[in-house]
Amino acid sequence: MTLTKIKRRTILSLPFAFIASQTHGSEQGWRALAQGEAIALIRHAQAPGTGDPANFRIGDCSTQRNLSDEGREQSRRLGALFRAEGIQVARIYSSQWCRCLETAKLMGLGPVNELPALNSFFDNASRGPAQTQELIEWLTRQDQSQPIVLVTHLVNITRLTGIVPRQGEIVFIAPPTVDEIVVIDRQTV
0 MTLTKIKRRT ILSLPFAFIA SQTHGSEQGW RALAQGEAIA LIRHAQAPGT GDPANFRIGD
60 CSTQRNLSDE GREQSRRLGA LFRAEGIQVA RIYSSQWCRC LETAKLMGLG PVNELPALNS
120 FFDNASRGPA QTQELIEWLT RQDQSQPIVL VTHLVNITRL TGIVPRQGEI VFIAPPTVDE
180 IVVIDRQTV
């Protein structure tokens with residue numbers, strides 16, 4: 000299998016860099032995650048619609064686009080998949096959006112920590128470069144002794160990797176280095 004590499008300066012200088020993953024659902028991503036050699040990025044589970052209503056407020060789910068019943072079931076399936084692949088517990092970080100927090104909680108892999116660097120910038124793309132840089136810097140400081148799972152949004156994953164993920168899709172990346180993001184694998188649920 001060929002790993003896909005993308006230079007950091009490319010990520011930050013283009014609105015969306017495109018790369019095609021060479022794999023879909025192989026064991027490489029799971030093995031790397033278990034060994035501390037990968038980070039799992041997950042786009043939140045099924046939430047009908049696009050973006051959020053004009054009255055959107057963090058912390059008030061009634062103002063947001065939320066998971067459907069199918070999305071809740073998909074979140075539980077995500078957690079079951081992690082456990083089936085040997086990941087019983089992980090460090091879970093989530094966007095502060097309710098659909099991401101609920102996805103992360105329903106996975107049942109451990110306490111969910113809010114991380115603003117994972118928040119959507121769909122309605123304000125100009126925040127994308129700085130927020131992506133903040134996320135990369137945060138990732139480079141993380142201890143990989145326990146699997147790390149990040150639940151976020153399409154725009155965040157696309158900006159970081161060039162991949163346009165489906166709702167509930169997992170994208171495995173190697174821990175970022177100074178100048179590149181390496182996509183190891185992808186898995187859909």
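The sequence shown begins at 0 in numbering that gives the first Met the number 0 and counts up one residue at a time. Note that CB positions come from ideal geometry on N, CA and C, so glycine has one too.
| Asked | Found |
| --- | --- |
| If you draw a straight line from the alpha carbon of C194 to that of Q45, how long is it in whole angstroms? | In the structure as shown, the chain begins at 0 and stops at 188. Residue 194 is therefore absent and cannot be evaluated. |
| Check the C-beta distance from V150 over to A103 and give it rounded, since I have them as a contact under 8 Å. | 4 Å |
| Give me the Cα-Cα distance between D142 and Y92, rounded to the nearest whole angstrom. | 14 Å |
| Would you call the stretch 40-55 in contact with the stretch 155-171, where contact means no fewer than 3 C-beta pairs closer than 8 Å? | yes |
| For the beta strand (DSSP E) that contains D184, what are its first and last residues? | E179 to Q186 |
| In three-state DSSP terms, what is N65? | coil |
| Please name the residue or residues paired with F171 in a DSSP beta bridge. | A39 and D184 |
| How would you write the range of the alpha helix (DSSP H) that E133 sits in, first residue to last? | G127 to T139 |
| Compare the Cα-Cα distances from E101 to each of V88, W137, Q73 and F120 and report the closest residue. | Q73 |
| What's the call for S20, buried or exposed, on a 16-neighbour Cβ count within 10 Å? | The predicted position of S20 is uncertain, since its pLDDT is 37 and thus under 50; no value can be drawn from it. |
| What's the C-alpha gap between E36 and V182? | 11 Å |
| Rounded to whole angstroms, how far is the Cβ of S67 from the Cβ of P47, which I believe are closer than 8 Å? | 6 Å |
| Within its chain, find whatever has a CB closer than 6 Å to the CB of G127; leave out the 5 residues flanking it on each side and keep chain order. | F120 and R158 |
| Do you know how far the Cα of G70 is from the Cα of R76? | 10 Å |
| Cα separation between Q186 and E84? | 12 Å |
| In terms of DSSP beta bridges, what is T151 paired with? | R42 |
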